[in-house]
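Student: Below you'll find the structure I mean.
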Amino acid sequence: MSTVDQTDLLRRARDRRTATAPSRPVAPGGPAVPAEPAPLSHAQQRMWLMDHLGQGGALYNVPIATRLRGPLDQAALAAAITGLTERHAVLRTRYPRRGDQPYQQTDPVAPVPLPVLDATGPEQLLAEAARPFDLAAGPVLRALLLRHGPEDHTLLLTIHHIAVDGGSLPFIASDIAALYRAGCEGVPAQLPSVAPSYADYARQERAREAELTAAADTLAAGLSGARPLSLLRPVPPGARERRAALHAAPVDPAVVEELRVLGARHGATLYTVVLAAAFAVLRTASGQDDLVLGCASGHRARPEFRRTVGLAVNTLAVRTNPSGDPSFADLLGLVRTALLDAQQHHEVPFDLVVERLGAASRGADGTPLLSVSCDLLRIADPLVLPGLDAENVEIDLGLAKFGLTLLLEDGPRPRVLVQHDRDVLDATTAARLADAFAALLTAVAGDPDLALSALPGERLAAAEHPVVAALSADPAVVEAAVVEHPDGPPLAYAVVRGPVAPTGSALRAALRGRLPAAELPRAVTLVDRLPRLPDGTPDRDRLPGAGPLPGTAALNGGPLKDGPLDVVRQAFGELLSATPPADGDFFALGGHSLVAVQLAERLRTRTGLPLTGLDILEQRTPRALAALLATRADERSAALAQAGARPRTTGARTGTVLLTGATGGVGAAVLQELMAQGRPVRVLVRPESAHLPALNGAEVAEGDLGDLDSLRRAVAGVDAVIHSACTFTDHATDLAAMRALVDGWRGGPFVFVSSIDAYGRPSGTEVPEGGPGGAPVTPYGQAKLDSERILFEAAATGRGQAVAVRAPIVWGPHHRLRDQLRWGSTGALYQAALAGRPIGLPAAEWYGASWVHAAALARALTACLTPDHPAAGRVVNAVSGHVSWPDFTAELVRLLGSDSPVTAAPDADEDLRRPWHYRADTLAGPLAPEPGEDWRSVLAAMVR
277 MSTVDQTDLL RRARDRRTAT APSRPVAPGG PAVPAEPAPL SHAQQRMWLM DHLGQGGALY
337 NVPIATRLRG PLDQAALAAA ITGLTERHAV LRTRYPRRGD QPYQQTDPVA PVPLPVLDAT
397 GPEQLLAEAA RPFDLAAGPV LRALLLRHGP EDHTLLLTIH HIAVDGGSLP FIASDIAALY
457 RAGCEGVPAQ LPSVAPSYAD YARQERAREA ELTAAADTLA AGLSGARPLS LLRPVPPGAR
517 ERRAALHAAP VDPAVVEELR VLGARHGATL YTVVLAAAFA VLRTASGQDD LVLGCASGHR
577 ARPEFRRTVG LAVNTLAVRT NPSGDPSFAD LLGLVRTALL DAQQHHEVPF DLVVERLGAA
637 SRGADGTPLL SVSCDLLRIA DPLVLPGLDA ENVEIDLGLA KFGLTLLLED GPRPRVLVQH
697 DRDVLDATTA ARLADAFAAL LTAVAGDPDL ALSALPGERL AAAEHPVVAA LSADPAVVEA
757 AVVEHPDGPP LAYAVVRGPV APTGSALRAA LRGRLPAAEL PRAVTLVDRL PRLPDGTPDR
817 DRLPGAGPLP GTAALNGGPL KDGPLDVVRQ AFGELLSATP PADGDFFALG GHSLVAVQLA
877 ERLRTRTGLP LTGLDILEQR TPRALAALLA TRADERSAAL AQAGARPRTT GARTGTVLLT
937 GATGGVGAAV LQELMAQGRP VRVLVRPESA HLPALNGAEV AEGDLGDLDS LRRAVAGVDA
997 VIHSACTFTD HATDLAAMRA LVDGWRGGPF VFVSSIDAYG RPSGTEVPEG GPGGAPVTPY
1057 GQAKLDSERI LFEAAATGRG QAVAVRAPIV WGPHHRLRDQ LRWGSTGALY QAALAGRPIG
1117 LPAAEWYGAS WVHAAALARA LTACLTPDHP AAGRVVNAVS GHVSWPDFTA ELVRLLGSDS
1177 PVTAAPDADE DLRRPWHYRA DTLAGPLAPE PGEDWRSVLA AMVR
């Protein structure tokens, strides 16, 4: 979730809640009877938003597991857990919505299920503890009892964080123990009076909105100019995995006692000493003086809420900026003052501070300002039940709430713990930081007057590669990396964001003004996410073009065939100034995307084999390219042998249909339909691809849209034309090709595959066939309009019947159509879902995509060949259906197994605002879907 999105959502949610849910004061003597559903507290609202946007998962699950040995009364335990929810209504509260506004809905008391299962292994506990909650449906508390033996059990309570915090757990434990004892003995439970409910707490907090907002302004001003810890890597846009790693370093128990004494001498707690040590070690590791750390703080200062169970915790931002080289004792004084100041405002919700900070709540690279926290842990007491031996069972869900957390675990065997999000810090750096933290604590326990520069620790933030620094200066670049290459300049990689993100070529061009020519990378490649090794360095094997070079060794099955190696090396040399060795790398020789296209064209001409620029970029060496060409030559030979000698263009048989674009997704479907109908077909294809349609027994006319003479030869003598070929981008070529085909057309039907882009943006949402369009019209749409005009002007001279069939995006299993899913509006959604990034869709009215199945379009196009068809002389539409963006996106996310949260966003991509439904009455018969042609089935086929 981006900072802007999050801030906006928090502000809107707070404003709606303030306007729609007035709060009521709580009498200290007990909970008030609510007259209306309670609002969410600020802490709950933030947690609900994260869950609602798909960024919660198990991150906010609070598992409490206890091994219980002895005679366990299962019925009394089940009754105690139910009694717990009766005492604390927040444990039977769920969070539905009115519109888009959540509220607290407390359900009646009901028995809490306590399933009993035979224990099979620790994975049982982990799986249950990680199981997500449905906050709207409830419940927010689950119980499970594992049986290891007749008198050996493990109890697991899993509670969503929206209902509890660390301060709640002692009350939960003591209440369960008292209720269990009462159940075993058959007597009333001896319990303190019920505290005010958490719903009352939330109402009271909301009643102070104006006061808290004013205080948030003050706190935000105190964070002006602060920036995140430079040790942390930025996380690319999208749903974060938050995979945690933990590193530990032992600390002598005597050291902890000395630290406690040190704090007492300075009027500080042990926690304050640990926090000062965290500032010190991070100052050295990062080279930053000005640092901000997060500290957890409870809200239970008001006496009436001391025993209230619920989420009454807040995050405090503590900032220090020591100048010069003070002693640790001096730093401790600064930290103590900063912490006390922050605690004066412990009731001001941190989400209000974030809202006030706006864009300043994150660094320029998107890293949250408050990404580092510090805490003092004490080993929790187990849930003690009468007559049983109890032992805590630790459950690690492996998730990190902060990018980095420094902890001291206080107990019989104290230790330093460093937890970090694997995406923002590498394991090697974190382990060194843990060792330095432990060593620093030991040093200051012995001599707190040591200067900070004399304390253990080292600079861990490595100097940035100049290319990375230059790329990161671009506000559209989220993250960058460089992979050095032994044979020349490095390869650069960038993750970009924004609706108008730069291309890799544009980024490299911008580097020319920032770096000396000798430091420029060979290329800048855009990626969705930078794959990294455990030590934080880029994973070469998972970066395109950075892994082991193809052609430098045997590929699994043995040496590569050389193929037309000399031809390939010669073409390399002509375009790259020097003839390379067989294993010379395209990028190292100075190649780039434009040269790749030129090289592919040259090799296609000389070898007569299909080859693309992408093939060049993927294979990279002359030997690998030669092997690929040899493989394709074998494929052609096999195809021609199967089909017999390749049919050449001679005299057309009666009824022959000329089909252009037969190797594309639409053309392939049309060819299949024509052959199934038994029609003779002539196909226009490039020479290097001529073997492909020969498998269907078609007559081959070699040529392409840029060779006008080949078009005139191809159309000569045929009785019908279906023109589906298109360059998509070279509109002058498309128009010249249409004129050449029309010049050679002497009669019979001519069916042109046009596009709904020719309508532009109509004023109404229901678009009739051939109806008026609206501005603006894209250049592609204008080229289609101009081609239609050329065709109908020729048909008016009596040559034959002309039909223009306007189609939307074409879906089908053909690989070319799978590529279309990755273009345009659907492409933006596909890439976001693939990367797990948040997806924002237009709100309010219907917006979506018009589509047609390739097979249905083929049936419609061939139907138009019928003499005197109702479509003759007209513009008609071929549309299978319309699917809304929410339905399409939900299905896409499901098929990709994505975690992308999908929300209504006022700033959604303007290209998604497509409210139009296109009528397709004339061709309704052939467009009727056959089995497997529904949009969900074809989308599944395209995603595979």
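Using my numbering, read the sequence shown as starting at 277 and increasing by one per residue.
Even glycine gets a Cβ: it sits at the ideal position worked out from N, Cα and C.
#1: Among Thr1041, Phe1068, Gly1057, Asp1006, which has the Cα closest to the Cα of Phe1026?
#2: What is the C-beta distance between Ala572 and Val589, in whole angstroms, given that I count them as a contact (C-beta under 8 Å)?
#3: Within 10 Å of its beta-carbon, does Ser1063 have 16 or more other beta-carbons around it, so buried, or fewer, so exposed?
#4: Would Ala1221 pass as a contact of Val1018 if the rule is Cβ separation under 7 Å?
#5: Should Glu461 be labelled buried (16 or more other beta-carbon atoms within 10 Å of its own) or exposed?
#6: Tell me whether the beta-carbon of Leu887 lies closer than 7 Å to the beta-carbon of Ala872.
#7: So if DSSP puts Tyr1194 in a beta bridge, which residue, or which two residues, is it bridged to?
#8: How about Ala1166 and Gln1077: are their beta carbons less than 7 Å apart?
#9: Where does Leu683 fall in DSSP's three states?
#10: In the DSSP assignment, the beta strand (DSSP E) including Phe1028 goes from what residue to what residue?
#11: Give me the residue from Gly1040, Ala945, Cys1002, Ser450 with the minimum Cα distance to Ser1031.
#12: Give the list of continuous alpha helix (DSSP H) stretches no shorter than 4 residues that lie fully inside the region 576-649.
#13: For Gly1036 versus Gly1049, is the C-beta spacing smaller than 7 Å?
#14: Hey, would you say Leu646 sits closer than 7 Å to Gly570, going by beta carbons?
#15: Between the alpha carbons of Gly867 and Leu716, how many angstroms are there, rounded?
#16: To test your reading of the DSSP string, which unbroken beta strand (DSSP E) runs of 3 or more residues are found completely within the region 1086-1120?
#17: Do you know offhand how far Thr584's Cα is from Tyr474's?
#18: Does DSSP classify Glu485 as helix, strand or coil?
#19: Using three-state DSSP, classify Pro856 as helix, strand or coil.
#20: Classify Ala746: buried if its beta carbon has 16 or more other beta carbons within 10 angstroms, exposed otherwise.
#21: How far does the beta strand (DSSP E) with Pro778 in it reach, from first residue to last?
#22: Give me the residue from Phe1004, Leu802, Phe447, Asp980 with the minimum Cα distance to Leu960.
#23: Which two residues bound the contiguous beta strand (DSSP E) that contains Ala1229?
#24: If we require 4 or more residues per run, which alpha helix (DSSP H) segments fall completely within the region 333-382?
#25: Look up Trp1127 in the DSSP assignment and give the residues it is bridged to.
#26: Applying the criterion that 16 or more other CB atoms from any shown protein chain within 10 Å of the CB defines a buried residue, is Leu320 buried or exposed?
#27: Looking at the secondary structure, which residues open and close the alpha helix (DSSP H) in which Leu445 lies?
#28: Count the CB pairs spanning the region 622-631 and the region 398-415 that are closer than 8 Å, and state whether there are at least three.
#29: Looking only at its own chain, which residues have a Cβ that is under 6 Å from the Cβ of Leu905, when we skip the five neighbours before and after it?
#30: Rounded to the nearest angstrom, what separates Ala497 and Asp804 at their Cα positions?
#31: Report back the beta-carbon spacing between Gly941 and Ala1130 to the nearest angstrom; my notes put them in contact at under 8 Å.
#32: Does DSSP put Ala666 in a helix, a strand or coil?
#33: Cβ atoms of Pro372 and Gln381: under 7 Å apart, would you say?
#34: Should Phe1004 go down as buried or exposed, given a rule of 16 or more other Cβ atoms within 10 Å for buried?
#35: By Cβ distance, which residues of its chain are closer than 7 Å to Leu535, with the 5 residues on each side in sequence left out?
#36: Closest to Val800 by CA distance: which of Ala785, Glu975, Glu667, Leu809 is it?
Tutor: The answer reads as follows:
#1: Here residue 1026 corresponds to residue number 750 of the sequence shown, with the count starting at 1. That would be Phe1068, whose Cα lies nearest to the Cα of Phe1026.
#2: Walking along the sequence shown from the start, residue 572 turns up at place 296. Walking along the sequence shown from the start, residue 589 turns up at place 313. Going by Cβ atoms, the distance from Ala572 to Val589 rounds to 6 Å, so yes, they are a contact pair.
#3: For this step, residue 1063 is matched to residue 787 along the sequence shown. That one is buried.
#4: Summary: the structure shown does not reach residue 1221, with the chain confined to residues 277 through 1220, and so no result is reported for it.
#5: On the sequence shown, residue 461 is found 185 positions in, with the first residue counted as 1. Around the beta carbon of Glu461, a 10 Å sphere encloses fewer than 16 other beta carbons of the protein chains shown; the residue is thus reported as exposed.
#6: Along the sequence shown, read from residue 1 onward, the residue named residue 887 stands at position 611. Along the sequence shown, read from residue 1 onward, the residue named residue 872 stands at position 596. Going by C-beta atoms, Leu887 is not nearer than 7 Å to Ala872.
#7: Against the sequence shown, residue 1194 aligns to sequence position 918. Paired residues: Val1043.
#8: On the sequence shown, residue 1166 is found 890 positions in, with the first residue counted as 1. On the sequence shown, residue 1077 is found 801 positions in, with the first residue counted as 1. Contact: no.
#9: Sequence index remark: in the sequence shown, residue 683 carries index 407 (1-based). Strand at Leu683.
#10: Residue 1028 sits at position 752 when you count from the first residue of the sequence shown. Element bounds for Phe1028: 1026-1031.
#11: Here residue 1031 corresponds to residue number 755 of the sequence shown, with the count starting at 1. For the residues Gly1040, Ala945, Cys1002, Ser450, the minimum Cα distance to Ser1031 belongs to Cys1002.
#12: 604-619, 626-633
#13: Within the sequence shown, the letter at position 760 stands for residue 1036. Within the sequence shown, the letter at position 773 stands for residue 1049. Against a cut-off of 7 Å, the Cβ pair of Gly1049 and Gly1036 comes out as a contact.
#14: Sequence index remark: in the sequence shown, residue 646 carries index 370 (1-based). Sequence index remark: in the sequence shown, residue 570 carries index 294 (1-based). Yes, the pair counts as a contact, with Cβ atoms nearer than the cut-off.
#15: To locate residue 867, count along the sequence shown from 1; it is residue 591. To locate residue 716, count along the sequence shown from 1; it is residue 440. Gly867 and Leu716: Cα-Cα distance of roughly 51 Å.
#16: 1115-1117
#17: Numbered from 1 along the sequence shown, position 308 holds the residue referred to as residue 584. Numbered from 1 along the sequence shown, position 198 holds the residue referred to as residue 474. Roughly 6 Å separates the two Cα atoms.
#18: Residue mapping note: residue 485 aligns to position 209 of the sequence shown, counting from 1. Note: Glu485 maps to helix in three-state DSSP.
#19: For the purposes of this step, residue 856 is taken as the residue at position 580 of the sequence shown. It is coil, neither helix nor strand.
#20: If you number the sequence shown from 1, residue 746 lands on position 470. Ala746 should be labelled buried.
#21: Translated into positions along the sequence shown, residue 778 becomes position 502. First-last for Pro778: undefined, no H or E at that position.
#22: The sequence position of residue 960 within the sequence shown is 684, counting from 1. Checking every option, the nearest Cα to that of Leu960 belongs to Asp980.
#23: Any question about residue 1229 goes unanswered here, given that the chain covers just 277 to 1220.
#24: Taken in chain order, the complete alpha helix (DSSP H) segments of 4 or more residues contained in the region 333-382 are 350-363.
#25: The residue given as residue 1127 occupies position 851 in the sequence shown. Looking at the DSSP assignment, Trp1127 forms a beta bridge with Ile1085, Gly1157.
#26: Against the sequence shown, residue 320 aligns to sequence position 44. Per the sequence shown, residue 320 should be read as Gln rather than Leu. The residue is buried, with at least 16 neighbouring Cβ atoms inside 10 Å.
#27: What you label residue 445 is simply residue 169 of the sequence shown in a count that begins at 1. According to the DSSP assignment, Leu445 belongs to the alpha helix (DSSP H) that extends over 445-461.
#28: no
#29: In the sequence shown, residue 905 corresponds to position 629, counting from 1. The residues are Gly839, Pro840, Thr883, Leu885.
#30: Residue 497 sits at position 221 when you count from the first residue of the sequence shown. Residue 804 sits at position 528 when you count from the first residue of the sequence shown. When the Cα atoms are used, Ala497 and Asp804 turn out to be separated by approximately 35 Å.
#31: Numbered from its first residue, the sequence shown carries residue 941 at position 665. Numbered from its first residue, the sequence shown carries residue 1130 at position 854. Correct: roughly 6 Å between the Cβ atoms.
#32: Locating residue 666 in the sequence shown gives position 390, counting from the first residue. Annotated three-state conformation of Ala666 is strand, per DSSP.
#33: Position 105 of the sequence shown, counted from the start, is the residue given in the question as residue 381. Position 96 of the sequence shown, counted from the start, is the residue given in the question as residue 372. Yes; because the gap between Cβ atoms is below 7 Å, this pair is in contact.
#34: Indexing the sequence shown from 1 puts residue 1004 at position 728. Phe1004 should be labelled exposed.
#35: One-based indexing of the sequence shown puts residue 535 at position 259. Same-chain partners within the cutoff: Leu546, Val549, Leu717, Ala721.
#36: The residue you call residue 800 lines up with position 524 of the sequence shown. Among Ala785, Glu975, Glu667, Leu809, the Cα nearest to that of Val800 belongs to Ala785.
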